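Take the sequence shown: its letters are residues 5 to 386, numbered as in our numbering.
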Amino acid sequence: LNERIKERLKSLIEYGTPVMMTVTNITGTLPTRYWTQGEFEGFEKICAEAIKREVVERSKACYACTVACGKISKVKMGPYAGTEIEGPEYETLFALGSLCGNSNLESIVKANEICDRLGIDTISAGNVIAFAMKCYEEGIITQKDTDGLTLTFGEHEAIITLLRKIALREGFCKILAEGVKRAAQIIGRGSEKFAVHVKGLEPPGYDPRGLKGVALAYSISCRGACHLRHMIYRPNLTGLHPFGEGKVDRLSYDGQAELVKELEDFHTIVDSMVLCKFICLPTIGPILWDELTKLYFIITGLEVRKVDLMLMAERIQNLIRSFNLREGLSRKDDTLPERFLKEPLKSGASKGQIVEAKKLKEMINTYYNLRGWDKNKEPGDF
């Protein structure tokens, strides 16, 4: 198994998750300047090759792992010299890089270090800072609101300052510390129409306008815009079927509900068995359904089939859904921000793409039918 892992995960071994920067930029799905563009003109300064060349010092592995996808990086020169972190990962590069229009790699490493030290999620942090930059660009907020800070896209010094102030909830950043949803509600002045979140959670680095399966996954995910519950971004980006020989068209709505449902079931079992997602990657594995049944037998001594594991996943998903319903989340919350539905991407290979509201609704209906859920009722007995 270790040999298969090393063979199939060569890029991850060499570069870590930053290798995804190339894939999303090429497909025009790299979120840039707060969800307005799909490609970043400063990409080459923060891509995987640049990171390996400029800051990576060595690899780091979890216990007994042959992949060692973690990378220890250190800034060697400039105002951020001496900063050392494990990372930056792809999601940090997108959130504190392209999403903020920031191509200064050293500042991203420093921002990563601040987030790690102060306990801030880099995806949410980058999103809320980029949201503030968008509001500044639109004239919704000014320096009078930002404690004198200039929040134009690409201002890496401002990003560093904002992160520290967010952690300490100082001044204007007390608002940003609430996240995009609440920040927009507090700021008002029309800022709500620019706010990007699903169920209050800021999205990761895959623009759903150019990835229709991701659009569905974000909308129905139990915790909001999440890439880990389904990993649908991989088959959407590669065009490879996660479990078979077929092809996946990232711009087609057809068949996405079936893919999302099976991937959700698969990763529910992966998470329940506490396995690393990077060795259970849809499209390349090497651990997929058959391997999961074998691992289950090794661990428990019980023989199971794929259908048995899928039934276990179904029970878990029904329980999660029931919890959300009890807490007030329902079908009405399974949607996307208006910008994804009405505002086309302005650049990249996915230029002009939106998520059609009617098509999204059809995908959600199909997903509900596959789950056996009634859009107006709780899940049945399970």
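For each residue, glycine too, the CB sits at the ideal point set by N, CA and C. Predicted model only: the values in this text are computed from it and were never measured.
8 Å contact criterion, which residue i and residue j should meet: CB distance rounded
{"i": "Y94", "j": "M25", "result": "6 Å"}
{"i": "E206", "j": "V184", "result": "5 Å"}
{"i": "I1", "j": "I170", "result": "Outside the shown range of the chain, which is 5 to 386, sits residue 1, and nothing can be said about it."}
{"i": "V71", "j": "L5", "result": "Wrong, their Cβ atoms sit about 12 Å apart, outside the cutoff."}
{"i": "I55", "j": "S111", "result": "That belief does not hold up - the Cβ atoms of I55 and S111 are roughly 13 Å apart, past 8 Å."}
{"i": "P119", "j": "L167", "result": "Correcting the residue type first, residue 119 is Cys in the shown sequence and not Pro. Right, their Cβ atoms sit about 6 Å apart."}
{"i": "L306", "j": "I273", "result": "Actually they are not in contact, since the Cβ atoms of L306 and I273 sit about 14 Å apart, beyond 8 Å."}
{"i": "E58", "j": "L109", "result": "6 Å"}
Beta-bridge partners of residue i, as assigned by DSSP
{"i": "V60", "result": "S77"}
{"i": "L244", "result": "K251"}
{"i": "I89", "result": "S77"}
{"i": "L1", "result": "In the structure as shown, the chain begins at 5 and stops at 386. Residue 1 is therefore absent and cannot be evaluated."}
{"i": "V202", "result": "L205"}
{"i": "T36", "result": "Q41"}
{"i": "L285", "result": "G289"}
For residue j and residue i, the rounded distance between their alpha carbons
{"i": "G228", "j": "G204", "result": "7 Å"}
{"i": "A187", "j": "C177", "result": "10 Å"}
{"i": "T287", "j": "I17", "result": "17 Å"}
{"i": "L155", "j": "K251", "result": "43 Å"}
{"i": "E268", "j": "R233", "result": "6 Å"}
{"i": "T126", "j": "G209", "result": "11 Å"}
{"i": "S128", "j": "R37", "result": "15 Å"}
{"i": "C66", "j": "R193", "result": "47 Å"}
{"i": "P246", "j": "P239", "result": "6 Å"}
{"i": "I224", "j": "Q321", "result": "12 Å"}
{"i": "F344", "j": "G32", "result": "14 Å"}
{"i": "W293", "j": "R213", "result": "29 Å"}
{"i": "P22", "j": "G143", "result": "33 Å"}
{"i": "E342", "j": "K197", "result": "7 Å"}
{"i": "F327", "j": "C226", "result": "10 Å"}
{"i": "P35", "j": "D338", "result": "21 Å"}
{"i": "A52", "j": "A181", "result": "30 Å"}
{"i": "L244", "j": "V218", "result": "15 Å"}
{"i": "V311", "j": "L296", "result": "12 Å"}
{"i": "L285", "j": "I291", "result": "7 Å"}
{"i": "D385", "j": "Y371", "result": "Confidence in D385 is poor, its pLDDT being 42 and thus under 50, which makes the residue's placement too unreliable to answer from."}
{"i": "K281", "j": "H231", "result": "11 Å"}
{"i": "Y2", "j": "W377", "result": "Limits of the chain in this structure are 5 at one end and 386 at the other, which puts residue 2 out of reach."}
{"i": "V278", "j": "C73", "result": "18 Å"}
{"i": "E347", "j": "T150", "result": "27 Å"}
{"i": "E7", "j": "K75", "result": "21 Å"}
Simplified DSSP state of residue i, which is helix, strand or coil
{"i": "I236", "result": "coil"}
{"i": "G397", "result": "Residue 397 is absent from the structure shown; the chain starts at 5 and stops at 386."}
{"i": "P22", "result": "helix"}
{"i": "E182", "result": "coil"}
{"i": "Q41", "result": "strand"}
{"i": "T297", "result": "helix"}
{"i": "P348", "result": "coil"}
{"i": "P290", "result": "strand"}
{"i": "I358", "result": "coil"}
{"i": "R168", "result": "helix"}
{"i": "M277", "result": "coil"}
{"i": "T154", "result": "coil"}
{"i": "R309", "result": "coil"}
{"i": "R8", "result": "helix"}
is_contact[residue i, chain B] using C-beta, thresh 7 Å
{"i": "A171", "result": "No chain B is present in this structure, which holds just one protein chain."}
Residue i Cβ short of 6 Å to the ligand HEM heavy atom set
{"i": "I133", "result": "No copy of the ligand HEM occurs in the structure displayed, which carries no ligand at all."}
Legend entry - Cβ contact (3+ pairs, closer than 8 Å) linking the segment 25 to 35 and the segment 80 to 92: no
Legend entry - Given 8 Å, three or more beta-carbon pairs between the segment 252 to 263 and the segment 40 to 55: no
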